[in-house]
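This note's numbering puts the last residue of the sequence shown at 654; the count rises by one with no breaks. For every residue, glycine included, the Cβ atom is placed at its ideal position computed from N, Cα and C. Below: the structure, in structure tokens.
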Amino acid sequence: MIKFGIIGTNWITKQFIEAAQSIGWQLTSVYSRKSVTAQQFAAQFGTAIDIYTDLSTFFAQGNFTVVYIASPNSLHFSQAKQALLAGKNVIVEKPACSNSAEMKSIIKLLRQHPNRYYFEAARHFHEPLFKTVTQQIKHFTTLQGANLTYMKYSSRYDAFLAGAEPNVFSLDFSGGALQDLGVYLAYNAISWFGYPQQATYYPYKLRNGIDGSGTVILNYPTFNVTLNLGKTANSYLPSEIYGLKEALVLDNPAELTSLTLMDEQQQSHLIAQAAPENPVLAEVRDFNEILTDPANLDNKQKMEDWLAVAVQVNRLLTHLRQTAGIKFPADELAEI
319 MIKFGIIGTN WITKQFIEAA QSIGWQLTSV YSRKSVTAQQ FAAQFGTAID
369 IYTDLSTFFA QGNFTVVYIA SPNSLHFSQA KQALLAGKNV IVEKPACSNS
419 AEMKSIIKLL RQHPNRYYFE AARHFHEPLF KTVTQQIKHF TTLQGANLTY
469 MKYSSRYDAF LAGAEPNVFS LDFSGGALQD LGVYLAYNAI SWFGYPQQAT
519 YYPYKLRNGI DGSGTVILNY PTFNVTLNLG KTANSYLPSE IYGLKEALVL
569 DNPAELTSLT LMDEQQQSHL IAQAAPENPV LAEVRDFNEI LTDPANLDNK
619 QKMEDWLAVA VQVNRLLTHL RQTAGIKFPA DELAEI
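This is how it looks when you write it as structure tokens:
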């Protein structure tokens, strides 16, 4: 049985815990800056759960081998680093790091501690339908690019409009649309088409300089890929990947519930449809397969393959922010 601890007491943490418990993991430790918050959150998931308000004590005394980190983006790097140094395996919510310098530091630490496991929790990357898209693209004799859209009105945007500055709309916390929803689209583009030759981000910046929405243009040798992303509006447009006379149509490139092929006769063919389930269950199953058999060299290689994609995604996001003049305080600390 895998015993795990968590940092972060929000809705995504709740989904992760429910998925992990459904396959037999045991939640043993909860960290939060406020004891009351941690106790109220932990009460939903069992009784024998230890509460910590000091992070060093959490890592030193917590009875767990794996930590799931879902704190504000700017804290992901330092908390993951502390976890690895404490001998813990790490699952960190996307984005794993604020910039490429932080990611390089994590990679260096992993090389120094080869028995540690580190995963970026980009949930859709582990969905069967994600892999189906990858295979379907290979059937195209000619690939002519894609338009991928993920725009979802943030539950925190009303507070921002009222004058507050929630973490997800804060430069201090490495927030913004690109760092949140854009991560999904970056995983799509890099996994399906490779790393682009050139990439530019055209954001719409809010009053504090954070990107509320934007458009990314990725240039490849024979086609372009456009990414539309935003946290200040809802989009219901499908996403499309273009062959010569055919196209793959995704209802949503991040939530991945269905994939349709439009053939050259403009006939529609449903290729795959996902069964409704906890949206993080697929990734938890993948992590579980590796963590329950850590000595398996194939499992170690699988983690390395996933990590290589995460590094490229982080590199691309860092570059895109730089093209748009979006700077985080974390960038100065990391000296990118």
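In the DSSP annotation of this structure, leucine 615 is not part of any beta strand (DSSP E); the continuous alpha helix (DSSP H) holding it starts and ends at 615-642. Secondary structure of valine 543 (DSSP, three-state): strand. Counting only the Cα atoms, glutamate 483 lies some 14 angstroms from threonine 550.
In the DSSP assignment, leucine 499 falls outside any beta strand (DSSP E) and lies within the alpha helix (DSSP H) extending over 495-511. Within a 10 Å sphere around the beta-carbon of lysine 426 sit fewer than 16 other beta-carbons, which makes this residue exposed. Taking the C-beta atoms as reference points, isoleucine 341 is found no nearer than 7 angstroms to threonine 331. Contact between serine 557 and leucine 568 holds, with the beta-carbon distance rounding to 4 angstroms and staying under 8 angstroms.
Glycine 380 is bridged by DSSP to nothing; it lacks a bridge partner. Apart from the 5 residues on each side of it in sequence, proline 390 sits with its Cβ closer than 6 angstroms to the Cβ of Asn485, Phe491 in its chain, given in chain order. As summarised for the segment 383-463, the continuous beta strand (DSSP E) elements at least 3 residues long and confined to that stretch are 384-387, 407-411, 436-439, given in chain order. Each residue's CA atom was taken as its position, placing histidine 637 and threonine 365 some 45 angstroms apart. Beta-bridge pairing by DSSP links leucine 466 to Leu545. Look at threonine 331 here: in three-state DSSP terms it is helix. In the DSSP assignment, phenylalanine 322 falls within the unbroken beta strand (DSSP E) covering 321-325. Asparagine 537 is bridged by DSSP to Gln516, Asn542.
For alanine 642, the CB contacts under 6 angstroms within the same chain, skipping 5 residues up- and downstream, are Tyr519, Pro521 in chain order.
Following the DSSP letters along the chain, one finds isoleucine 341 in no beta strand (DSSP E), marked with neither H nor E.
Positions of the alpha helix (DSSP H) runs, each at least 4 residues long and wholly inside the segment 563-611, are given as 599-609 in order along the chain.
Counted as a single uninterrupted DSSP element, the stretch harbouring tyrosine 554 is not any alpha helix (DSSP H), since DSSP gives it neither H nor E.
Inter-residue distance for aspartate 649 and alanine 626 is about 21 angstroms (C-alpha atoms, whole angstroms). Alanine 572 sits close to histidine 442, with the two beta carbons spaced by under 7 angstroms. In this structure, threonine 452 keeps its C-beta atom at 7 angstroms or more from the C-beta atom of leucine 562.
For tyrosine 475, there is no enclosing beta strand (DSSP E); the residue is found in the alpha helix (DSSP H) stretching over 475-479.
A Cβ-Cβ distance of about 10 angstroms is found for the pair leucine 345 and phenylalanine 359, leaving them out of contact under the 8 angstroms criterion.
Counting every other CB atom within 10 Å of its CB across the protein chains shown gives valine 354 a total below 16, marking it as exposed. Within a 10 Å sphere around the beta-carbon of tyrosine 435 sit 16 or more other beta-carbons, which makes this residue buried. By the beta-carbon neighbour count (other beta carbons within 10 angstroms, threshold 16), tryptophan 329 is exposed.
When Val543, Leu489, Ala495, Ser488 are compared, the shortest CA-CA separation from glutamine 515 is found for Val543. Between leucine 555 and leucine 466, the C-beta gap is not smaller than 7 angstroms, which leaves the two residues out of contact. Excluding residues up to 5 positions away in sequence, Ile320, Phe322, Lys406, Asn407, Ile409, Leu609 lie with their Cβ nearer than 7 angstroms to the Cβ of valine 384 in the same chain.
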